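Notes to accompany the following structure.
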Amino acid sequence: MAEQLPADRPAWKTWVEAACDFAEGRFGEAIDGFNLILVDPDVGRQAATLDVVRSARLVALGQDGRWLELLDAAAEGYRRAAEQNDRYSAHRDAMMALVAAHRLGLQPDTDTWRERVLAVEELQYQVDAHVAVRLLGLPSRFQLPALRADVAAKMDTFPGLSVLLEAIEHHQSGRNDAALAALSRARREGLGETRFAPVLSALERTRHVGHAEEPLLLWFAPWSDWVAHWVLPVDAPTVPLNNAGLEH
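Okay, so the sequence shown: first residue is 2 according to my numbering, each after it adds one.
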């Protein structure tokens, strides 16, 4: 595929090669490729392209377990996005910095980034932020009943999302049967067909049921997909949901 791209656009070829490296688990090579693109002078003049590559690099750093590098890169990106009033990129970078600080055990940094992650006004970002901090076992400033009501009323394109919020609380409290029932209901209602599917799948794996569904290399919310992928167990033996003794 890379050989078919225009010869005068070497960054395109590098992008395809780096994306393939990422998909095949060669995260170090993928990061090297993304780094090459970020110093390409043509890419530097295209802000949207630059942000896509930065997103991919952040995710690759996390996939490779390079948490300190991820923290530094995300913190720098957050400062840049805040200066430019780019709320989307600031949300993404704060989320990446939070999970990196948490994985490194840096409590003051974790507290700072948690506050920044939660300091969002748009409902979709509030949901994403709440999911991420609760998956990390951290407190959220959003009240669950009010958040679930807002989701049910204003995010009807994500059926089952309000049930997922309930399932996360059951999971964090060790209420396994209730978590299983809520996860099963969320999937029945259609959440597995939305972009929150990887969060649902990651939680199902912790209950030893579910689907081997992983997040894709995408650059739009919810970034909590990757938080779920990085902090929840992924090696639990699973069985299909219809054989798990759950209510259908």
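Backbone N, C-alpha and C fix where the C-beta goes; we use that ideal spot for every residue, glycine too.
Note that the structure is predicted; figures quoted are calculated from it, not measured.
Secondary structure of residue 170 (DSSP, three-state): helix. In this chain, the alpha helix (DSSP H) harbouring residue 63 covers 48 to 64.
Between residue 183 and residue 152, the gap from beta carbon to beta carbon reaches 8 Å or more. With a beta-carbon spacing of about 7 Å, residue 207 and residue 172 fall inside the 8 Å limit used to define contacts. In this model, residue 31 and residue 56 are separated by some 12 Å (Cα to Cα). DSSP places residue 146 in the helix class (H, G or I) of the three-state scheme. Its chain contains 118, 119, 121 as the residues whose beta carbon lies nearer than 7 Å to that of residue 130, once the 5 sequence neighbours on both sides are disregarded; these appear in chain order. Within the same chain, 92, 93, 96, 97, 129, 133 come within 8 Å of residue 224 by CB-CB distance, once the 5 residues on both sides are set aside. Between the C-alpha atoms of residue 41 and residue 51 there is a straight-line separation of about 10 Å.
Using a 10 angstroms sphere on the CB of residue 58, the tally of other CB atoms reaches 16 or more, which defines it as buried. Your pair residue 18 and residue 29 does not check out as a contact, with CB atoms roughly 13 Å apart and the cut at 8 Å. Taking the C-beta atoms as reference points, residue 198 is found no nearer than 8 Å to residue 204. At the C-beta level, residue 186 and residue 201 stay beyond 8 Å of one another.
With fewer than 16 other beta carbons inside 10 angstroms of its own, residue 77 counts as exposed. Apart from the 5 residues on each side of it in sequence, residue 139 sits with its Cβ closer than 7 Å to the Cβ of 115 in its chain, given in chain order.
In the three-state scheme derived from DSSP, where H, G and I count as helix and E and B as strand, residue 156 is classed as coil.
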